[in-house]
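> Top to bottom, those sequences are chains C and D.
Read left to right, the first sequence gives residues 1 to 377 (the working numbering).
Read left to right, the second sequence gives residues 1001 to 1397 (the working numbering).
Got a structure here, written out as structure tokens. Questions coming.
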Amino acid sequence: MIYLDNSATTKPYKEVLDSFHQVSTTYFGNPSSIHQLGTEAEQLLSAAKRQAAQLLQVKEEEIVFTSGGTEGNNTAIKGIAYEHVNRGKHIITSRIEHPSVLETCKALEGQGYDVTYLPVDEVGRVSVSDLEKAIRSDTILVTIMHVNNEIGTIQPIEEIAEVCSRYPKLYFHVDHVQGLGKVPLSLEKIDLCTMSGHKIHGLKGTGVLYIRKNISLFPLLHGGEQEFGYRSGTENLPGAVSFVKALRMTLEKQSQDKGKLADIRQALSEKLRDMEGVILHDSEHHAPHILNFSLPGFKPEVVIHAIEKEGFIISTKSACSSKNKDESAVLAACGLPKDRTTSALRVSLSYSNTMEEIHSFSLAFQSVKQQLSKVMG
Amino acid sequence: MNYDHILIRYGEMSLKRNNRKIFVNQLHENVRLKLHDFSGIKVKANRDRMYILLNGQDPEPILDKCKDVFGIQSFSLAIKTDNEVEAIKEAALYALENAHAKTFKVTTKRIDKQFPIGSQDMNQVLGGHLLSNTEGYTVNVHQPDVEIVVEIRPEATYITSTKIKGAGGLPVGSSGKSLLLLSGGIDSPVAGYLTMKRGVKLEVIHFHSPPFTNERAKQKVLDLVARLTEFGHTIQVHMVPFTNLQQKIHQHIPHGYSMTVMRRMMLRISEAVAKQRQILSLTTGESLGQVASQTMESMHAINAVSSYPVLRPLIAMDKGEIIPISKEIKTYDISVRPYEDCCTIFIPNAPKTKPRLEKVEFFENQLDLEEDFQEALQQIETMEVTANRSAEFQDLL
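Here you go:
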């Protein structure tokens, strides 16, 4: 089986699992307890935090361990909204955010907040000038993803950050879940940034929210004031440690394998481009690990099952929020015609994928397409 | 062309005459230890200057490390060239173009008197070269944005454009060793830091009272020492079990005097450890009048048990002067962790601020503490804290 659905989740590294196991058995004390076991657990937790901070080039007190992307996004968005409601109730985001951002924004709309959903162009990019025009005196938060999970578009985060930094009352949050370890991002001008462990060969239920020093947030979870009060609850020490290990290993791979993902993606896009009936959703602004394409006339679910039989795991991305269950809300937001939005497929890579796998995938895909076109085409 | 060296200027030690070599060697060793993790670099020292050959390493983290080394007055990124006018011109041009500046001035120091062009003439030559090969720069000899310094030495020429202030003081290890009484509070780490600044290598003694004080209090001390290793590489820590002595004192000495007796006992033990370890002085974080044990009368009564010099670098400082230093050296956040230490348990409600020595001695003579004293000495746990402890938990992370 060749796994090409790494944007959905990744296979944990063996070392990460070993670490999780060892921490769970040896350092099971509660980091808040004052006995020896608790002390050791606390030391390990702060070592993990120190290492995460070093890897991300931020300060230790800016790292908050979370349960992953959804929690990170919720904590950031609701945290700012509730804490700074006196400054204003306006939030800016884009139409193609992950549901954990979009649904959170919708929920806030139900509570009287005003949300601007920025449009995107046909490759899925927001326009920085649109964003600037949308900023009002009561805007408290801009939340934009770094890399889109369905089509892999990279947003102009640096330019957006530049704009946001000119408005001191406004916070800028980035959902970096898909970009982490694949597309470099400097946190220098970003106030909050969400990361998730299971997208970088870590474990599900682990993640980090970067919160710039001295930002006050209304916490989702009140309690024992763990994680500087941003997230109470006994720390998931094995999760935190395993996240940091996955982060270290992934960042090492990123610096060693420069260009490998992009080369593989490039090879695949060339093969697919030559195939009849395939339309690539590709541009210079796309991340090196996600390739999205449509096969008009074919039901994506059927294609996925057929290709699975050949030993390849890929995905469709049918957004649950769309009325038509096969339509991709992201592609629809890009203004693409219906035959393309309802027939999209996604191949997403990790550093363990190889050029050979992609060659055999394209051969298999070609033959599956031919077989299916007899039935569906 | 690139900045390929860091040039280090000596501080006060450059005033030494016959002993200068000892100081230079110590500084050389300290810089080498501090930069141990950077592969490929070389540290070379001579009478007047030290040079770090970068060999392609990123200078930024190395510059950062140099800031914590005592004995360094200032340091600069430098380009090394041959003593040839053309090469010097080229390097000076690089230095100017890589500085954020609009105005500049050139200062030539011709230490090599064989060099054919005089300093003033060289300034003219280089200034002219820079002006004719760049646009938008002007010369300002009084307040330039950047000063390009050209040091022509017999062996080579060094070109620098920025000067970073060093930590000053004397290289740690050049002024002997002192035993620092470290409590876990804000003051004693600062006292340790200031003592190290004068070239003193430290060992640390800490009194703990298990089970009344816990592991975290001990860890706190180790964390404080770990911060201090940034300025002195390796520090031995002696953990003294103090419970029995403390309990006895608490039970048998009138409460007003128990604190004084306890401090005297600490000082006796510290002196005994210093003697064993061939350390010639003790260091404390005392500041006059800060607490009951730090009044003139208290210090007199406590100090009477020891003939060792007790260094008190904070004696004349206000709390408001001490705290900024502790923040600067990053011990503050560790110090304020709220764990009990042996000075906060069994603390009398009203310790005497003016204890009388005769009375203290009278009370003490009623008690035989010799056995407990020896026992405490024997049960001392000694550990070593080294800079770069990052190996801890490495397999897990």
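The beta-carbon is built from N, C-alpha and C at its ideal position, and this holds for glycine as well.
Predicted, not measured: the structure shown is a model, and the values here were computed from it.
Quick one, which residues of the stretch 1196–1221 of chain D are near chain E if we go by CB-CB under 9 Å, in chain order?
Reference to chain E is not applicable here, since the protein chains of this structure are C and D.
> Measure the alpha-carbon distance for residue 243 of chain C versus residue 1007 of chain D and round it to whole angstroms.
41 Å
> Closer than 6 Å by C-beta to residue 320 of chain C: which residues in its own chain qualify, once you throw out the five before and the five after it? Chain order, please.
Confidence is the limiting factor: at residue 320 of chain C the pLDDT is only 46, short of 50, which leaves the residue's position unreliable, though a coordinate-based value still follows. There are no such residues.
> Going by C-alpha distance, which of C:329, C:366, C:333 and C:294 is nearest residue 380 of chain C?
Residue 380 of chain C cannot be examined here, being either before or after the span of chain C that is shown, 1 to 377.
> Which residues does DSSP list as the beta-bridge partners of residue 175 of chain C?
C:145 and C:194
> Would you say residue 1396 of chain D reaches chain C, if we count a Cβ-Cβ gap shorter than 8 Å as a contact?
So, interface residue.
> Runs of 4 residues minimum, wholly inside the stretch 201–282 of chain C: which ones carry the alpha helix (DSSP H) assignment?
237–256 and 260–274
> Pull up the distance between the alpha-carbon of residue 157 of chain C and that of residue 314 of chain C, whole angstroms please.
Straight-line spacing of the CA atoms in residue 157 of chain C and residue 314 of chain C works out to 28 Å.
> Determine whether the beta carbon atoms of residue 1076 of chain D and residue 1157 of chain D lie at a separation below 8 Å.
no
> Could you give the distance in angstroms between the alpha-carbon of residue 358 of chain C and the alpha-carbon of residue 1383 of chain D?
56 Å
> Comparing the C-beta of residue 1393 of chain D with each C-beta of chain C, is any distance below 8 Å?
yes
> Going by DSSP, name the residue or residues bridged to residue 1151 of chain D.
D:1109 and D:1158
> Beta-carbon separation of residue 153 of chain C and residue 125 of chain C under 8 Å?
yes
> From the DSSP output, read off the bridge partner residues of residue 1051 of chain D.
D:1007 and D:1044
> List, from N- to C-terminal side, the beta strand (DSSP E) runs of 3 residues or more that fit wholly inside the stretch 75–144 of chain C.
90–94 and 114–118
> Which one of D:1040, D:1050 and D:1396 has the shortest CA to CA distance from residue 1057 of chain D?
D:1040
> Looking at chain D, which residues of the stretch 56–68 of chain C have a Cβ within less than 7 Å of any of its Cβ atoms?
none
> Short of 8 Å in beta carbon distance, which residues of its chain neighbour residue 1210 of chain D, apart from the five on each side in sequence? Order them along the chain.
1241 and 1243
> Check this for me: beta carbons of residue 261 of chain C and residue 349 of chain C, under 8 Å apart or not?
Between residue 261 of chain C and residue 349 of chain C, the CB-CB gap stays under 8 Å.
> Identify which residue in D:1185, D:1192 and D:1166 has its Cα closest to the Cα of residue 1177 of chain D.
D:1192
> Are residue 122 of chain C and residue 115 of chain C close, meaning C-beta to C-beta below 8 Å?
no
> Roughly how many angstroms lie between the CA atoms of residue 1386 of chain D and residue 1034 of chain D, to the nearest whole one?
11 Å
> Go ahead and pull the three-state DSSP assignment for residue 350 of chain C.
coil
> Just the C-alpha distance for residue 1364 of chain D and residue 1261 of chain D, rounded to the nearest angstrom, thanks.
7 Å
> Do you know whose CA, among C:17, C:173 and C:199, lies nearest residue 192 of chain C's CA?
Checked all of C:17, C:173 and C:199; the closest Cα to residue 192 of chain C is C:173.
> Let me know if residue 69 of chain C comes out buried or exposed under the rule of 16 or more other beta-carbons within 10 Å of its beta-carbon.
buried
> Going straight from the alpha carbon of residue 168 of chain C to that of residue 1061 of chain D, what length do you get?
The C-alpha of residue 1061 of chain D is placed about 31 Å away from the C-alpha of residue 168 of chain C.
> Using only the alpha-carbon positions, how far apart do residue 283 of chain C and residue 1042 of chain D sit?
47 Å
> Between residue 90 of chain C and chain D, is the shortest Cβ-Cβ distance under 8 Å, so that the two count as touching?
No, residue 90 of chain C does not count as interfacial toward chain D.
> What residue range is occupied by the uninterrupted alpha helix (DSSP H) comprising residue 309 of chain C?
Its alpha helix (DSSP H) spans residues 300–309.
> Does the distance from the C-beta atom of residue 1351 of chain D to that of residue 1259 of chain D stay below 8 Å?
In terms of Cβ geometry, residue 1351 of chain D and residue 1259 of chain D form a close pair [threshold 8 Å].
> In three-state terms, what does DSSP make of residue 1310 of chain D?
strand
> Between residue 248 of chain C and chain D, is any beta-carbon pair separated by less than 8 Å?
Closer than 8 Å to some Cβ of chain D, the Cβ of residue 248 of chain C qualifies, so yes.
> Check for me: the beta strand (DSSP E) holding residue 1178 of chain D runs from which residue to which?
1177–1181
> Closer than 6 Å by C-beta to residue 1173 of chain D: which residues in its own chain qualify, once you throw out the five before and the five after it? Chain order, please.
Cβ neighbours of residue 1173 of chain D beyond the five flanking positions: 1026 and 1201.
> As a quick exercise: from C:278, C:147, C:175 and C:151, pick the residue whose alpha carbon is nearest that of residue 141 of chain C.
C:175
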